[in-house]
Structure formats: C-alpha cells, structure tokens
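Numbering of the sequence shown is given in this note's numbering, commencing with residue 1 and proceeding in unit increments.
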Amino acid sequence: MSWFKKTVDEFPRKFWVVVLVSFVDKVGGTLLFPFFALYITRRFQVGMTQAGVILDNFNPNLLWFLGAGLCAASSLCYYFLHLRLGAQARFAPAELETVAD
C-alpha cells in the first residue's frame, strides 16, 4: 500500500481530479450507447441491427477512417500524377528567381 500512497503523492491534486473526471466521462460515454440502443429499439420498433447501424454513425473513428482514406487517396493521386507528368511540372529554383525579378 505504500507504493500507492507514494504514487499519489508524486502528482498534484489537480492532476488526480482531471484523471477522475476523464475516467467518469469515458465510462459514462461508453455506457450511454447500450441504453440508446434499447431506447431506439423500443421507441421506433426496429431491431438491434438497425439500432447498431444508427449508433455507428456517431462513431468518431469512422470520421478518422474517412480522413485517412482521403489522405491516402490524395497521396496516391500525387504519386501517379508525378510519374505521369514528370519532374518538369514542378518549379525549379531558377524559375522562381526569374519570377521575382
């Protein structure tokens, strides 16, 4: 038990308040979805599959996945366009100096 007290004493009280509030927030957010699913199935007379699809639309990981897909697609487009157009499509430093004059 002394290691626990030592660990607690290493950090300020405000740190532990933030840790506790974050824990309650995460647990509350996690427990919210099963009750939402029960509400949707009973209120709108739909199955659990439809309720799951509806609740999956609120998943922030889906937005991250779409963003990563768009980033990968733009990188692939740049790569293939670069191969197609070649290096001459880019500005050379000498061209930039003539534009500045």
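Just so you know, even glycine gets a beta-carbon here, dropped at the ideal spot from N, CA and C.
Item, Value
"Could you spell out the range, first to last residue, of the alpha helix (DSSP H) harbouring Gly28?", "13-44"
"At which residues does the alpha helix (DSSP H) containing Phe160 begin and terminate?", "Nothing can be reported for residue 160, as the shown portion of the chain is limited to 1 through 101."
"Counting beta carbon pairs with one atom in the stretch 48-55 and one in the stretch 72-81, are three or more of them shorter than 8 Å?", "no"
"Between the C-alpha atoms of Val17 and Cys77, what's the straight-line distance to the nearest angstrom?", "47 Å"
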